[in-house]
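2 protein chains.
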Amino acid sequence: MSELRNDRLLRALAREPVDATPIWIMRQAGRYLPEYGATRERAGSFLELCRTPELACEVTLQPVERFDLDAAIVFSDILTVPDAMGLGLYFVEGEGPRFERTVRTEADVEALREPEPERDLAYVLETIRLARAGLAGRVPLIGFSGSPWTLAAYMVEGGGSQHFARVKAMAYDRPRVLEALLERLVAAVTAYLNAQVRAGAQALMLFDTWGGILDPRLFRTLSLEPIRRVVAGLVREHEGRRVPVIVFVKGAGQWLEALAETGCDALGLDWTVDLAAARRRVGDRVALQGNLDPCALYAAPERIREEAARLLEAYGHGSGHVFNLGHGIHPDTEPGHVAALVEAVHALSRRYHG
Amino acid sequence: MSELRNDRLLRALAREPVDATPIWIMRQAGRYLPEYGATRERAGSFLELCRTPELACEVTLQPVERFDLDAAIVFSDILTVPDAMGLGLYFVEGEGPRFERTVRTEADVEALREPEPERDLAYVLETIRLARAGLAGRVPLIGFSGSPWTLAAYMVEGGGSQHFARVKAMAYDRPRVLEALLERLVAAVTAYLNAQVRAGAQALMLFDTWGGILDPRLFRTLSLEPIRRVVAGLVREHEGRRVPVIVFVKGAGQWLEALAETGCDALGLDWTVDLAAARRRVGDRVALQGNLDPCALYAAPERIREEAARLLEAYGHGSGHVFNLGHGIHPDTEPGHVAALVEAVHALSRRYHG
Numbered sequence: 092m093s094e095l096r097n098d099r100l101l102r103a104l105a106r107e108p109v110d111a112t113p114i115w116i117m118r119q120a121g122r123y124l125p126e127y128g129a130t131r132e133r134a135g136s137f138l139e140l141c142r143t144p145e146l147a148c149e150v151t152l153q154p155v156e157r158f159d160l161d162a163a164i165v166f167s168d169i170l171t172v173p174d175a176m177g178l179g180l181y182f183v184e185g186e187g188p189r190f191e192r193t194v195r196t197e198a199d200v201e202a203l204r205e206p207e208p209e210r211d212l213a214y215v216l217e218t219i220r221l222a223r224a225g226l227a228g229r230v231p232l233i234g235f236s237g238s239p240w241t242l243a244a245y246m247v248e249g250g251g252s253q254h255f256a257r258v259k260a261m262a263y264d265r266p267r268v269l270e271a272l273l274e275r276l277v278a279a280v281t282a283y284l285n286a287q288v289r290a291g292a293q294a295l296m297l298f299d300t301w302g303g304i305l306d307p308r309l310f311r312t313l314s315l316e317p318i319r320r321v322v323a324g325l326v327r328e329h330e331g332r333r334v335p336v337i338v339f340v341k342g343a344g345q346w347l348e349a350l351a352e353t354g355c356d357a358l359g360l361d362w363t364v365d366l367a368a369a370r371r372r373v374g375d376r377v378a379l380q381g382n383l384d385p386c387a388l389y390a391a392p393e394r395i396r397e398e399a400a401r402l403l404e405a406y407g408h409g410s411g412h413v414f415n416l417g418h419g420i421h422p423d424t425e426p427g428h429v430a431a432l433v434e435a436v437h438a439l440s441r442r443y444h445g
Numbered sequence: 092m093s094e095l096r097n098d099r100l101l102r103a104l105a106r107e108p109v110d111a112t113p114i115w116i117m118r119q120a121g122r123y124l125p126e127y128g129a130t131r132e133r134a135g136s137f138l139e140l141c142r143t144p145e146l147a148c149e150v151t152l153q154p155v156e157r158f159d160l161d162a163a164i165v166f167s168d169i170l171t172v173p174d175a176m177g178l179g180l181y182f183v184e185g186e187g188p189r190f191e192r193t194v195r196t197e198a199d200v201e202a203l204r205e206p207e208p209e210r211d212l213a214y215v216l217e218t219i220r221l222a223r224a225g226l227a228g229r230v231p232l233i234g235f236s237g238s239p240w241t242l243a244a245y246m247v248e249g250g251g252s253q254h255f256a257r258v259k260a261m262a263y264d265r266p267r268v269l270e271a272l273l274e275r276l277v278a279a280v281t282a283y284l285n286a287q288v289r290a291g292a293q294a295l296m297l298f299d300t301w302g303g304i305l306d307p308r309l310f311r312t313l314s315l316e317p318i319r320r321v322v323a324g325l326v327r328e329h330e331g332r333r334v335p336v337i338v339f340v341k342g343a344g345q346w347l348e349a350l351a352e353t354g355c356d357a358l359g360l361d362w363t364v365d366l367a368a369a370r371r372r373v374g375d376r377v378a379l380q381g382n383l384d385p386c387a388l389y390a391a392p393e394r395i396r397e398e399a400a401r402l403l404e405a406y407g408h409g410s411g412h413v414f415n416l417g418h419g420i421h422p423d424t425e426p427g428h429v430a431a432l433v434e435a436v437h438a439l440s441r442r443y444h445g
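Residue numbers (the numbering used here), protein chains in the order written: chain A, 92 to 445; chain B, 92 to 445.
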């Protein structure tokens with residue numbers, strides 16, 4: 092493997108000194124980039140794009156070619172694991188993900204396949220291998236998965252949902268079925284992420300999109316505890332370097348202290364969290380990633396620069412901050428505004444380092 | 092006016108002793124009740140139902156007739172104020188509220204009508220007068236309004252929105268226009284709520300459905316500060332009794348301390364907030380209302396009883412808790428499950444009082 096020439100991301104996640112605050116953007120390989128649209132057109136569909144390693148690698152690299160970003164993230168979908176467990180993932184244009192089969196009973200849980208990443212998710216691992224080769228050490232490559240709870244929510248509902256009424260009813264009424272499902276998902280997600288590390292992922296991120304919709308008791312049992320178990324099962328060193336783990340739970344600003352105890356290296360913060368207060372709350376236990384509102388990128392470049400300055404000042408001096416949005420970039424964002432943000436973060440952050 | 096025979100709600104909001112914890116349900120007059128459906132059918136549409144005081148009064152009283160609730164809330168919509176300001180509210184079946192005109196420029200703000208509640212919102216005030224007569228002192232009647240920020244968000248977008256991108260872009264790029272709009276709304280909402288008190292509302296509630304989608308700086312300037320200004324302008328005593336004000340900001344679990352300083356009597360909590368921790372955080376500054384997940388009502392009655400017991404125990408001994416859901420009741424809720432909840436709260440709460 093080529094030597095890593097820009098290791099700001101890994102150093103910031105380890106809270107080791109950096110020359111400038113690293114930045115990458117959630118969903119940076121995506122629809123706001125015209126070149127992404129062109130590759131997707133060639134693939135035929137979003138799912139074919141995910142499943143064709145040459146094309147998935149191409150879109151993984153696109154944002155790194157265009158912007159001075161400090162990381163790439165493998166292009167994939169968070170629902171690849173349930174798909175590999177036999178649910179039949181498909182996408183309805185403009186309506187998001189759906190599953191052909193749902194999980195509603197104990198029998199449904201038992202019928203789930205135990206995915207073997209090298210066989211059932213080989214296309215993701217091959218994308219990682221190709222992207223590592225394509226990056227040639229320019230920046231590190233991040234691998235990721237949906238969290239057990241977020242995957243379970245989609246698997247029970249059969250897709251996205253306004254209130255996640257079915258999976259919540261199950262949580263209140265038949266907690267054993269849901270716990271059995273989460274048990275299966277902890278194992279599958281752990282194996283999947285470890286396979287990504289073996290294929291070349293240099294950092295990992297767990298996305299818990301729906302942890303923030305739960306009441307405090309259910310949050311602890313259904314979102315937090317499975318995350319803790321996944322993190323405990325991960326390979327933490329590879330190629331002679333630590334593989335840091337970032338945990339991102341949307342809407343979990345109230346639970347930062349608990350999330351900092353899951354064993355992860357960093358917390359992803361959505362934009363509703365006060366970054367200065369978050370740093371005080373987690374102390375030196377974890378690094379922090381975030382947390383500009385994706386809607387701030389609709390503003391004029393000079394305003395984007397002001398918002399970047401505000402967040403850098405909120406985090407303050409020293410390492411441990413990875414700049415990012417507080418959620419995925421919106422598809423109607425101007426690419427030029429992303430360039431302005433990346434430039435501003437690198438330029439304005441130097442005074443907080445060294 | 093008839094003497095109030097059940098004043099548990101008003102006593103709990105004032106943190107005065109009660110015999111049992113009072114309960115009412117956000118959106119208790121609504122689609123989950125078959126009798127509501129029958130009245131709405133007679134009205135022809137949701138908006139006609141809101142605008143016909145006899146029918147709006149009828150649905151206001153329905154949940155109180157059916158369940159042993161401790162309060163009624165006037166049946167209306169949160170968007171009546173922007174409608175009275177000239178935006179032309181209408182509803183598209185299954186898609187929620189829309190406005191014929193939006194507010195995007197300074198000229199749009201200047202063109203807004205200053206609503207005169209007794210003229211432009213007379214139908215709400217008449218509903219309140221009829222409902223007070225119909226209640227005849229059984230339980231107190233709550234009046235309400237959307238908060239300035241929540242109304243502004245709908246007015247700029249022209250209806251509901253996934254990300255509220257337009258109003259957020261305005262917040263970052265053209266804050267002066269948004270501040271001018273909020274200024275108008277603070278005046279209009281204050282006048283509207285005071286008119287409701289004069290018409291007979293015995294408690295008031297401000298609904299800030301979208302305060303929780305803002306970053307911390309914008310939350311303070313766009314959501315919190317206008318709420319504080321509305322509360323400061325409200326009539327707080329009427330008919331010889333204090334008129335308490337409940338402020339509910341969805342997704343604001345991180346901001347309870349700040350919200351408790353707005354001058355309100357109580358905070359509404361959504362279901363993601365830990366009720367015991369919330370009580371510790373706000374101390375004796377305000378009462379708390381909430382906060383069962385509306386989805387918990389999908390569970391079996393014995394499970395609903397357990398969840399009620401859990402929340403009552405979380406709040407603990409003494410007055411200052413008004414039981415409610417953490418958000419409006421879902422339209423597909425079984426009315427029998429509501430009955431089970433109301434019964435459980437009254438029965439199980441007695442040990443925490445007296």
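Just so you know, even glycine gets a beta-carbon here, dropped at the ideal spot from N, CA and C.
DSSP state of residue i, grouped into three classes?
i, result
"phenylalanine 137 of chain A", "helix"
"glutamate 186 of chain A", "coil"
"glutamate 393 of chain B", "helix"
"glutamine 380 of chain B", "strand"
"valine 194 of chain A", "coil"
"histidine 329 of chain A", "strand"
"leucine 101 of chain A", "helix"
"glycine 359 of chain A", "strand"
"phenylalanine 298 of chain A", "strand"
"valine 150 of chain B", "helix"
"valine 288 of chain A", "helix"
"alanine 120 of chain B", "coil"
"isoleucine 114 of chain A", "strand"
"leucine 180 of chain B", "strand"
"alanine 162 of chain B", "coil"
"valine 364 of chain A", "coil"
Whole angstroms are fine: how far does the CA of residue j sit from the CA of residue i?
i, j, result
"threonine 300 of chain B", "threonine 241 of chain B", "6 angstroms"
"glutamine 119 of chain A", "leucine 221 of chain B", "57 angstroms"
"glycine 381 of chain B", "phenylalanine 190 of chain B", "31 angstroms"
"tyrosine 283 of chain B", "arginine 289 of chain B", "10 angstroms"
"leucine 347 of chain B", "alanine 343 of chain A", "15 angstroms"
"leucine 178 of chain B", "aspartate 168 of chain B", "14 angstroms"
"aspartate 375 of chain B", "glycine 331 of chain B", "24 angstroms"
"proline 173 of chain A", "tyrosine 181 of chain A", "11 angstroms"
"valine 413 of chain B", "glycine 291 of chain B", "21 angstroms"
"methionine 246 of chain B", "isoleucine 395 of chain A", "25 angstroms"
"arginine 229 of chain A", "glutamine 153 of chain A", "13 angstroms"
"isoleucine 337 of chain B", "alanine 378 of chain B", "9 angstroms"
"leucine 104 of chain A", "leucine 160 of chain A", "15 angstroms"
"glutamate 94 of chain A", "alanine 111 of chain A", "20 angstroms"
"tyrosine 263 of chain B", "leucine 140 of chain A", "35 angstroms"
"serine 410 of chain B", "alanine 278 of chain B", "33 angstroms"
Measure how close the beta-carbons of residue i and residue j come, nearest whole angstrom, since I'm counting them as under 8 angstroms.
i, j, result
"leucine 295 of chain B", "leucine 325 of chain B", "7 angstroms"
"alanine 268 of chain B", "glutamate 197 of chain B", "First, the residue type needs correcting, since residue 268 of chain B is valine and not alanine in the sequence shown. Indeed they touch by this definition, with Cβ atoms about 5 angstroms apart."
"leucine 416 of chain B", "isoleucine 116 of chain B", "6 angstroms"
"leucine 212 of chain A", "alanine 175 of chain A", "5 angstroms"
Taking buried to mean at least 16 other C-beta atoms within 10 Å of its own C-beta, is residue i buried or exposed?
i, result
"alanine 227 of chain B", "exposed"
"histidine 408 of chain A", "exposed"
"glutamine 293 of chain A", "buried"
"arginine 371 of chain A", "exposed"
"proline 125 of chain B", "exposed"
"proline 422 of chain A", "exposed"
"glutamine 253 of chain B", "exposed"
Please list the segments of the beta strand (DSSP E) lying wholly inside the segment 214 to 279 of chain A, counting only runs of 3 or more residues, in order along the chain.
-> 232 to 237
Start-end ranges of the beta strand (DSSP E) lying completely within the segment 407 to 442 of chain B, minimum 3 residues = 412 to 416
Residue ranges of each alpha helix (DSSP H) within the segment 305 to 354 of chain B, 4 or longer = 316 to 323 and 347 to 350
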